[in-house]
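Only one structure is covered here, and it is reproduced in the block below.
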Amino acid sequence: MTKPVADTSAVLTAEDTLVLAWMDSPVEMQLIMEWLGHQRARNPEARFDVLKLPPRNAPPAALTALVEQLQEGPEGSQDRSIVPVQVFWQPPPDRSRLAKVAGLLPGRDPYHPNQRLQRRILRSDPRRARVLAGESAKVSELRQQWRDNTVGENNRDFARFVTRRAILALARAEYRILGPQYKSPRLVKPEMLASARFRAGLAKIPGATVEEAGKMLDELATGWSQVSVDLISVLGRLISRGFDPEFDYDEYEVAAMRAALESHPAVLLFSHRSYIDGAVVPVAMQDNRLPPVHMFGGINLSFGVMGPLMRRSGMIFIRRNIGDNALYKYVLKEYVGYVVEKRFNLSWSIEGTRSRTGKMLPPKLGLMSYVADAYLDGRSDDILLQGVSICFDQLHEIAEYAAYARGAEKTPEGVSWLYNFIKAQGERNYGKIYVRFPEAVSMRAYLGAPNGPLANDQAAKRLALQKMSFEVAWRILQATPMTATGLVSALLLTARGTALTQDQLHHTLQDALDYLERKQTPMSTSALRLRSREGVRAAVDALSNGHPVTRVDGGREPVWYIAPQDELAAAFYRNSVIHAFLETSIVELALAHVRHSDGDRMAAFWDQAMRLRDLLKFDFYFADSAAFRANIAEEMAWHQDWESQVAAGGDDIDAILYEKRPLISDAMLRVFFEAYEIVADVLRDAPADISPKELTESALGIGRQYVAQGRVRSSEPVSTLLFATARQVVEDQNLIAPAPDLGERRIAFRRELRDILRDFDYVETIARNRFIAREFKSRQAGS
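By the UniProt record's numbering, the letter at position 404 of the sequence shown is numbered 404, and the numbering carries on one by one without gaps.
This is how it looks when you write it as structure tokens:
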């Protein structure tokens with residue numbers, strides 16, 4: 001037989017060594033015995049015993065020989081080394097997609113070939129057969145670990161422990177060859193059930209049993225097989241097949257994250273706009289040869305053949321409603337702690353669910369609290385919270401989101417749903433997927449040292465978790481690149497159904513691009529191309545290929561507009577870029593407010609800026625108060641001596657607004673205040689403690705009336721999604737709970753919102769007059 005490639009680290013030097021060999025076939029047995037003969041020839045004075053490594057679920061009789069070897073001799077056996085060995089089969093390089101999929105078929109797994117394929121490999125390419133040795137350990141060391149960490153009681157339990165250690169050592173040796181993207185937890189259930197720590201906590205739960213906990217671990221446990229790792233890219237790009245197959249990364253961010261992950265486990269928290277996100281993160285990790293992530297997903301996604309396939313691809317399915325199930329909460333918490341302690345990476349959406357509006361939702365803390373508990377319990381000296389920004393040039397799901405906004409019900413997931421979802425991805429070109437990795441947040445920096453004061457102070461821990469999660473979300477937003485889709489949609493929505501030419505679009509967009517460049521805001525390739533007329537044409541043509549933009553041909557030149565029925569879909573794209581214009585939009589509204597104020601206008605300016613921040617805090621992320629004030633001052637610094645002009649009021653403020661580039665508050669924020677005003681109108685004669693459902697239904701009715709009467713500019717604010725946030729706003733203003741002066745305060749709040757909408761009108765008038773003046777000059781020059 002042809003000699004296999006020897007592992008250079010697999011030279012046995014101990015005087016007394018027990019080799020535990022994983023041998024599944026006569027071919028592997030012969031390869032290992034030849035290798036062992038070579039080791040004996042190198043070190044003829046040493047003693048080498050060899051046993052077949054029992055499988056992890058071996059019956060008691062299969063452990064007898066190992067028990068005897070571990071007990072042999074009263075003293076010497078405790079100092080002998082245990083070395084696990086196996087034949088590692090290197091897959092052929094540059095396998096095709098079809099070959100990777102074929103690896104799922106029985107006998108076609110390239111990492112575990114059947115005996116016929118093994119013989120063929122040895123004949124054609126013997127270098128692919130490699131005898132691999134895992135890290136050795138002394139019997140005495142293993143016995144001490146067994147006593148310290150498990151509930152084992154007899155020699156057979158110790159033999160099972162040694163077997164598990166050997167299997168894990170071989171797995172580590174494998175991924176050192178294959179790369180960190182193949183790293184995966186093994187033997188989670190037997191390791192946890194044997195753990196003294198796990199059993200001690202289990203004993204404190206009334207009625208809890210090891211059997212029931214084991215069933216829950218079966219439900220949670222996941223892992224990556226080598227074949228499933230190879231399929232990540234294939235399946236991920238199948239699901240996202242309407243997009244450019246090459247994702248857009250920032251190489252500097254990837255390098256920084258790679259360095260960070262070498263030191264600590266991480267939780268990758270991604271922004272969530274599409275079901276595709278769950279496929280993007282694993283593909284991004286494999287593309288960049290980074291350790292895989294174990295994704296959390298709702299158990300509602302475990303249907304048909306997808307459940308087992310996704311489990312083998314790193315998906316951890318968790319129950320949606322666990323209520324008062326103390327055992328499930330405990331098992332989930334310990335499972336998270338085990339994964340973190342073994343330095344594997346976790347991942348889930350920081351928002352908890354898909355954002356159906358395009359803007360980022362508040363972070364959810366449920367799973368984060370389990371990770372924090374694991375850290376505070378000392379299971380890692382730090383855990384990194386790695387934000388992941390995922391954005392798209394376009395999404396086919398926006399039609400579904402627009403339907404939700406009008407009150408439609410969510411479509412349940414299933415096999416037919418998945419088929420239709422994948423089919424829809426291939427119906428057109430959706431552009432690029434942009435993935436960004438901002439600087440990670442250290443859990444230690446927010447929670448202090450492990451086993452510190454926060455471990456026993458739940459209120460302080462929750463506050464720290466909130467601050468930490470908001471910091472991650474803030475960094476995600478700051479790293480999210482602007483897209484042409486978002487910028488063009490914002491501009492066309494402002495036109496309120498009026499069609500614009502290519503030149504009008506191009507010229508108007510330049511002010512926004514100048515602003516983004518001045519602020520050093522990340523921009524996508526598609527956004528950068530808006531500097532040229534050709535780039536603008538490409539953007540609007542891509543959007544008019546389906547919805548939400550309509551193109552009109554047949555005249556002297558094509559024009560583009562957003563029809564009323566497409567406004568909610570376009571709003572999704574517009575909302576994805578608002579965060580970059582949020583503070584400058586507030587500046588405009590505060591200036592307009594001061595234009596109608598008397599007294600100390602500078603004080604009025606700052607009061608109104610802070611008030612707008614307070615009203616919008618449920619819809620958007622803001623810097624803390626001090627940083628926000630500094631940012632507003634920086635926004636105004638472009639205008640020389642702005643404070644004296646604001647204090648002067650009148651025409652001086654008009655001059656500031658007329659010179660400001662861009663004037664964009666109407667495009668970005670008006671619809672949110674219109675939604676608030678609709679809800680405030682509902683409250684005018686609504687009872688106290690009106691239910692969320694009743695409030696939303698009434699708001700939809702009044703909103704449709706407002707649209708018909710022209711009292712709102714478009715149908716966009718008539719949205720169940722916006723009304724949900726508006727409900728939070730009015731609750732925060734104490735306008736729901738019964739109170740003696742409730743009616744008066746509701747009326748005052750509605751009046752305040754109408755004043756803010758008046759400020760929008762004022763800014764919008766200046767922007768429109770400026771646009772008309774520019775158009776007039778352009779036509780004069782053209783004539």
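Cβ coordinates follow ideal geometry from the N, Cα and C atoms, glycine included.
Rounded C-alpha distance that separates K697 from P687 = Looking at the sequence shown, residue 697 is not Lys but Glu. The straight-line gap from Cα to Cα measures roughly 14 Å.
inquiry  = Counting C-beta neighbours from all protein chains within 10 Å, is the total for L346 16 or more, i.e. buried, or is it exposed?
reply    = buried
inquiry  = Extract the residue ranges of the beta strand (DSSP E) inside the segment 442-512, only unbroken runs of 3 or more that lie entirely within it.
reply    = none
ask   = Can the beta-carbon of V281 be found less than 7 Å from the beta-carbon of V267?
value = Here V281 is not near V267, since their CB atoms are 7 Å or more apart.
ask   = If you scan the segment 609-661 from start to end, which runs of the alpha helix (DSSP H) of 4 or more residues do you find wholly inside it?
value = 625-636, 642-648 and 651-659
message = Taking the alpha carbon of E716 as the reference point, which residue from V101, L132, A405 and S195 has its own alpha carbon closest?
response = A405
Among G236, L332 and L327, nearest to Q286 - alpha-carbon criterion = G236
query = Under the rule that 16 or more other beta-carbon atoms within 10 Å means buried, what is I239, buried or exposed?
reply = buried
task = Could you tell me which uninterrupted beta strand (DSSP E) segments, each at least 3 residues in length, are contained entirely in the segment 334-404, listed from first to last along the chain?
result = 345-349 and 384-392
inquiry  = I need the DSSP call for residue 786, collapsed to helix, strand or coil.
reply    = Residue 786 lies beyond the residue range present for the chain, which begins at 1 and ends at 783; the question has no answer from this structure.
ask   = DSSP beta-bridge partners for I82?
value = L18 and A137
task = Tell whether a beta-carbon distance below 7 Å holds between L385 and V472.
result = It is a contact, given that the beta carbons lie within the stated cut-off.
inquiry  = Which residue wins for smallest C-alpha separation from R711, given the options Q458, K183, V671 and T525?
reply    = V671
ask   = Out of D503, R311 and Q115, which has the shortest C-alpha to C-alpha gap to T222?
value = R311
query = How about A65 and L51: do their beta carbons lie closer than 7 Å?
reply = Yes, the pair counts as a contact, with Cβ atoms nearer than the cut-off.
key: Through-space distance from L202 to T209, alpha-carbon basis   = 8 Å
inquiry  = Contact defined as beta carbons within less than 8 Å: I believe N575 pairs with G414. What is the distance between those atoms, to the nearest angstrom?
reply    = That pair is no contact at about 29 Å.
Cβ of G314 within 7 Å of any chain C Cβ = Any reference to chain C falls outside this structure, which holds one protein chain only.
message = Taking the alpha helix (DSSP H) that F421 belongs to, which residues open and close that run?
response = V415 to Q425
task = Return the CA-CA distance between V646 and D652, expressed in angstroms with no decimal places.
result = The alpha-carbon atoms of V646 and D652 are separated by roughly 7 Å.
ask   = By how many angstroms is the C-alpha of E45 removed from the C-alpha of H38?
value = 13 Å
message = Three or more C-beta pairs under 8 Å: does that hold for the segment 452-464 against the segment 485-504?
response = Too few Cβ pairs lie closer than 8 Å, so no.
inquiry  = Between the alpha carbons of Q144 and T521, how many angstroms are there, rounded?
reply    = 56 Å
message = Can you check which of these residues, L231, N155, T494 and Q115, is closest to L669 by C-alpha distance?
response = T494
request  = Determine the closest residue to residue 789 out of K423, S136, D230 and W348, with distance taken between C-alpha atoms.
outcome  = With the chain represented from 1 up to 783, any question about residue 789 goes unanswered, as that position is not in the structure.
key: Own chain, CB closer than 8 Å to L132, minus 5 neighbours either side, in chain order   = D7, A10, V85, Q86, V87, F88, L170, A173, E174 and I177
ask   = Do R156 and L53 have their C-beta atoms within less than 7 Å of each other?
value = For R156 and L53, no; Cβs fall outside 7 Å.
ask   = Opposite D248 in the DSSP bridges: which residues?
value = Y434
ask   = Quick one, which of Y111, D382 and V682 has its alpha-carbon nearest residue 869's?
value = Summary: the structure shown does not reach residue 869, with the chain confined to residues 1 through 783, and so no result is reported for it.
ask   = Looking at the structure shown, is A6 part of a helix, part of a strand, or coil, going by DSSP?
value = Unreliable placement is indicated for A6, whose pLDDT of 48 sits below 50; the coordinate value is still reported in the next sentence. A6: strand per DSSP, three-state reduction.
message = Please tell me whether V254 and N288 are closer than 7 Å, where the distance is taken between their beta carbons.
response = Yes, they are a contact pair.
request  = Report the rounded CA-to-CA distance for Y573 versus A490, giving the unit in angstroms.
outcome  = Cα to Cα, Y573 sits roughly 8 Å from A490.
message = Whole angstroms are fine: how far does the CA of I586 sit from the CA of D607?
response = 12 Å
message = By the three-class DSSP mapping on this structure, what secondary structure does H593 have?
response = helix
key: Cross-strand partners of I562 (DSSP beta bridge)   = V549
query = From this set, A424, N451 and L663, which residue's C-alpha is nearest Y515's C-alpha?
reply = L663
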